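Visitor:
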Amino acid sequence: MEASKVIHAIYNDDDVLMSAVKKVKAEKHHIEEIYTPFPVHGLDKAMGLAPTRIAITAFMYGLVGLTVAITMMNFIMIKDWPQNIGGKPSFSYIENMPAFVPIMFELTVFFAAHLMVITFYLRSRMWPFKKAENPDPRTTDDHFLMEIAVHGNESELENLLKQTGAVEINLVDKEAH
Amino acid sequence: MYTFSNKLRTFSFILMILGLLGVGYGFMTSHKSFEDVEHLLEAEAHHGGGHAEEATHHQAPAHNTHDNAEHNTHNAADAHADEHTKHVEHVMHQIANRPWAALYVAAFFFMMIALGTLAFYAIQIASQAGWSPVLFRIMEAITAYVLPGAIIVLLIAIASGTIGHYNLFIWMDPEVVAHDKLIQGKTGFLNLTGFTIRGIVFIAGWAAYRHFARKFSIAQDTADDNSNYKKSFRIAAGFLVFFIYTESMMSWDWIMSVDPHWFSTLFGWYVFASMFVSGITTIALITLYLKTKGYLEFVNENHLHDVAKFMFAISIFWTYLWFSQFMLIWYSNIPEEVTYFIARFNDYKLPFLGMVVLNFVFPILMLMSADYKRVPWFVVMTGLVILLGHYIDVFNMIMPATVGDRWSVGIPEISSILLFAGLFIFVVFTALTKAPLLVKRYPFRKESEEFHY
Chain A
1 MEASKVIHAI YNDDDVLMSA VKKVKAEKHH IEEIYTPFPV HGLDKAMGLA
51 PTRIAITAFM YGLVGLTVAI TMMNFIMIKD WPQNIGGKPS FSYIENMPAF
101 VPIMFELTVF FAAHLMVITF YLRSRMWPFK KAENPDPRTT DDHFLMEIAV
151 HGNESELENL LKQTGAVEIN LVDKEAH
Chain B
1 MYTFSNKLRT FSFILMILGL LGVGYGFMTS HKSFEDVEHL LEAEAHHGGG
51 HAEEATHHQA PAHNTHDNAE HNTHNAADAH ADEHTKHVEH VMHQIANRPW
101 AALYVAAFFF MMIALGTLAF YAIQIASQAG WSPVLFRIME AITAYVLPGA
151 IIVLLIAIAS GTIGHYNLFI WMDPEVVAHD KLIQGKTGFL NLTGFTIRGI
201 VFIAGWAAYR HFARKFSIAQ DTADDNSNYK KSFRIAAGFL VFFIYTESMM
251 SWDWIMSVDP HWFSTLFGWY VFASMFVSGI TTIALITLYL KTKGYLEFVN
301 ENHLHDVAKF MFAISIFWTY LWFSQFMLIW YSNIPEEVTY FIARFNDYKL
351 PFLGMVVLNF VFPILMLMSA DYKRVPWFVV MTGLVILLGH YIDVFNMIMP
401 ATVGDRWSVG IPEISSILLF AGLFIFVVFT ALTKAPLLVK RYPFRKESEE
451 FHY
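Protein chains in written order, with full-length UniProt numbering: chain A, 1 to 177; chain B, 1 to 453.
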């Protein structure tokens, strides 16, 4: 395992964190990661993170669900065994479609919702028994931590971070993931 | 302050004049004599493929074949002649109904935009929404049309049963009621006096709320405290209770009673969804128009995004109600209920199914993306489609009961739309000039100006 050095700058206020992020970005330093106890509105924009595409995946999963519903009911109710059930017209899919709409709707929602959540878990590497990646337990309670990679410019970085209002600055070895 | 541009004013007058001429033409040409209709039916029978032929008319094909084979016994000939007279009279009545129905549909459509906006406005105030106060003056201007619009609708309805020949509501015709046990059972509710009184109560309530809401809103601009805001909050809450009762009853009176044999329990909600989404769409369209003219610097794309979200969501809500009403009746297929949809399916297939595409499929695909909701021309395009779709929705509610399979979209329909569109534009934009376009001292004004999503 290759070990590299990173700086952990700890803040105790999200407004201070936001202005620090802007300053560090302005100085062209690369922020590796930020750990916060709760969502900080606008942090992703300040960090310049790309927007999520999870809504697009959800739309496509919904289409898959709709297709599954239509194919399934068309096969079962129309093709495989077109019984006369209470006089409902099972001659073609479209003639009996209103009766299938509730299922079409529910399966669309089911696929869109569940597959999107699973996509989210996979993409954010979350599963049971996963080892928590938490550099400092206080970041789950009331502290904010900014992690910046060091490339031989420790003192310069430390000065900059102190100016931004960091309450604690630690230089740590980090195991590469 | 907004100034009504001369161009737009002239445009609205041109619309009204063109509309009036067309409506007049529609009424002039709709009174056909018995012989005219007879000739028309014969011509249609020879040509084939006319409107009437596509529809399943029970008598028409039967008596046409009789016509061709002219060797009947006397008895059969008599019965046939009687049936023939009845059929011709039926068609004659439908043709005479068309300009009335066209006028009524257009009048109701524009009234419902204003009334939907009024409900939306009251909800924004009662829910203390923080995003919408910058749009309040636009909503107030649109709701200026509630009073004239609703009076016109009520007058057309009453006129059809007094100076007209019961062209919209057959329950107003004493002849029909005398032979109709079902309507007789409903005369306690469906009678012209009750209809008129209820209509006046509805309109008085809506107009009173609109009047006071506007008054408090203007007064709040120059007030030193929030007492006007508190009053407007209280009457908004009261109005919403009044509205949901009267809107529901209005939809029975003004729309559902064109089919006095048919009833549906969620009809009031269904009409409400239609008027709500049309109102919201009109708010978006007028906002965008004023913004391009440079009157609304304080409205940004975030406000547009929120309005477009409402357009999107309420379009789906409308579809939900439309489908719930349709599917429950289709599924159980009880003859006394299902005729409503059979008439629409046989004679109105394109408008009936087309409006679902316009009101559901189009908005859901166009307005799903958060980015598209912020693009003005996208919202305008979708908004126009939604408005067209809801016009067709009202068309589908009124026309099958009045003109049946003799419907068409021609001079009476289009000029009625022009007439009321011109009146609507004139009333709304005149109201816009009466007050500053941004509320002053409204408690949520700052929040609304800085609103971003």
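C-beta atoms are modelled at their ideal positions from N, C-alpha and C, and glycine is treated no differently. Remember, it's a predicted structure, so these values are computed and weren't measured experimentally.
So is residue 101 of chain A in contact with chain B if we call contact Cβ pairs under 8 Å?
Guide: Yes, residue 101 of chain A counts as interfacial toward chain B.
Visitor: Sort B:197, B:307, B:112, B:300 by Cα distance to residue 255 of chain B and report the nearest one.
Guide: With distances taken between Cα atoms, residue 255 of chain B lies closest to B:112.
Visitor: Assign residue 65 of chain B to buried or exposed, taking buried as 16 or more other Cβ atoms, counted over all protein chains shown, within 10 Å of its Cβ.
Guide: Because the pLDDT at residue 65 of chain B is just 44, under 50, the model does not fix this residue reliably, and the point stays unresolved.
Visitor: In this structure, how does DSSP classify residue 4 of chain A when only helix, strand and coil are distinguished?
Guide: If DSSP states are grouped into helix, strand and coil, residue 4 of chain A belongs with the strands.
Visitor: Quick one: grab the DSSP three-state call for residue 296 of chain B.
Guide: Of the three classes helix, strand and coil, the one that applies to residue 296 of chain B here is coil, per DSSP.
Visitor: Would you grab the beta carbon distance between residue 131 of chain B and residue 451 of chain B for me? Rounded to a whole angstrom, and I think it's under 8 Å.
Guide: With 8 Å as the limit, residue 131 of chain B and residue 451 of chain B qualify as a contact, their Cβ atoms being about 5 Å apart.
Visitor: Quick one: residues in its chain with C-beta nearer than 7 Å to the C-beta of residue 99 of chain A, no 5 flanking neighbours on either side, listed in chain order?
Guide: 88, listed in sequence order.
Visitor: Rounded to whole angstroms, what's the CA-CA distance from residue 306 of chain B to residue 137 of chain B? Just pull it up for me.
Guide: The alpha-carbon atoms of residue 306 of chain B and residue 137 of chain B are separated by roughly 17 Å.
Visitor: Please list, in chain order, the residues of the region 316-329 of chain B that have any C-beta partner in chain A closer than 9 Å.
Guide: Answer in chain order: 323, 326, 327.
Visitor: Am I right that residue 209 of chain B and residue 235 of chain B are in contact with their C-beta atoms under 8 Å? What's the rounded C-beta distance?
Guide: With 8 Å as the limit, residue 209 of chain B and residue 235 of chain B qualify as a contact, their Cβ atoms being about 6 Å apart.
Visitor: Just to confirm before moving on: does the CB-CB distance between residue 8 of chain A and residue 135 of chain A stay below 8 Å?
Guide: Yes, they are a contact pair.
Visitor: Judging by CA-CA distance, which residue of B:286, B:296, B:357, B:303 is the nearest neighbour of residue 318 of chain B?
Guide: The residue with the shortest Cα to Cα distance from residue 318 of chain B is B:357.
Visitor: Which residues share a DSSP beta bridge with residue 170 of chain A?
Guide: For residue 170 of chain A, which the question treats as bridged, DSSP gives the partners A:8.
Visitor: Mind listing the chain B neighbours of residue 98 of chain A? Cutoff is C-beta to C-beta under 8 Å, in chain order.
Guide: The answer, in chain order, is 323, 326, 327, 330, 331.
Visitor: Report the partner residues of residue 146 of chain A according to the DSSP bridge assignment.
Guide: Bridge partners of residue 146 of chain A: A:9, A:34.
Visitor: Below 8 Å on the Cβ atoms is my guess for residue 49 of chain A versus residue 108 of chain A; work out the distance and round it to an integer in Å.
Guide: Contact flag wrong, Cβ pair sits at about 30 Å.
Visitor: DSSP on residue 153 of chain A, reduced to helix/strand/coil?
Guide: Residue 153 of chain A falls in the coil class under three-state DSSP.
Visitor: Write down the C-beta distance between residue 368 of chain B and residue 382 of chain B rounded to the nearest angstrom, noting that I regard them as a contact closer than 8 Å.
Guide: The Cβ separation is near 11 Å, so there is no contact.
Visitor: Grab me the residues of residue 61 of chain B's own chain with a C-beta within less than 6 Å of its C-beta, minus the 5 sequence neighbours each way, in chain order.
Guide: Low per-residue confidence applies at residue 61 of chain B: pLDDT is 43, beneath 50, and the placement is therefore not dependable, though the value from the model is reported in the following sentence. Cβ within range, chain order: n/a, list empty.
Visitor: Tell me whether residue 440 of chain B is buried or exposed, calling it buried when 16 or more other Cβ atoms sit within 10 Å of its Cβ.
Guide: Classification of residue 440 of chain B: exposed, given that the 10 Å Cβ count is below 16.
Visitor: If the criterion is Cβ atoms closer than 8 Å, does the pair residue 22 of chain B and residue 398 of chain B meet it?
Guide: Taking 8 Å as the Cβ cut-off, residue 22 of chain B and residue 398 of chain B do not qualify as a contacting pair.
Visitor: Buried or exposed for residue 117 of chain B, please, with buried defined as at least 16 other CB atoms from any protein chain shown within 10 angstroms of its CB.
Guide: The residue in question, residue 117 of chain B, is buried, as its Cβ has 16 or more Cβ neighbours within 10 Å.
Visitor: Buried or exposed, going by whether 16 or more other CB atoms sit within 10 Å of the CB of residue 172 of chain A?
Guide: Exposed: under 16 other Cβ atoms inside 10 Å.
Visitor: Identify which residue in B:178, B:167, B:329 has its Cα closest to the Cα of residue 262 of chain B.
Guide: Here the closest residue by C-alpha is B:329.
Visitor: Would you report the Cα separation of residue 432 of chain B and residue 442 of chain B, rounded to the nearest angstrom?
Guide: Straight-line Cα distance between these residues: approximately 18 Å.
Visitor: State the Cα-Cα distance for the pair residue 106 of chain B and residue 123 of chain A, rounded to the nearest angstrom.
Guide: Cα to Cα, the separation comes out at about 53 Å.
Visitor: Taking the Cβ atom as the reference point for each residue, do residue 243 of chain B and residue 122 of chain B lie within a distance shorter than 8 Å?
Guide: The answer is yes: Cβ separation under 8 Å.
Visitor: Report the three-state DSSP secondary structure of residue 197 of chain B (helix, strand or coil).
Guide: The answer is helix: DSSP assigns residue 197 of chain B an H, G or I state.
Visitor: Using DSSP with H/G/I as helix, E/B as strand and the rest coil, what is residue 223 of chain B?
Guide: Coil, per DSSP.
Visitor: Expressed to the nearest angstrom, what Euclidean distance is found between the alpha-carbon atoms of residue 264 of chain B and residue 386 of chain B?
Guide: Using only the alpha carbons, I get a separation of about 24 Å.
Visitor: Please state whether the Cβ-Cβ distance between residue 311 of chain B and residue 281 of chain B is less than 8 Å.
Guide: Contact flag set, yes.
Visitor: Can you tell me whether residue 15 of chain A is buried or exposed? The criterion is at least 16 other CB atoms within 10 Å of its CB, across all chains shown.
Guide: Exposed is the call here.
Visitor: Measure the alpha-carbon distance for residue 34 of chain B versus residue 287 of chain B and round it to whole angstroms.
Guide: Using only the alpha carbons, I get a separation of about 51 Å.
Visitor: Between residue 165 of chain A and chain B, is there a C-beta pair that is closer than 8 Å?
Guide: No, residue 165 of chain A does not count as interfacial toward chain B.
Visitor: Can you tell me whether residue 351 of chain B is buried or exposed, with buried defined as 16 or more other CB within 10 angstroms of its CB?
Guide: Residue 351 of chain B should be labelled buried.
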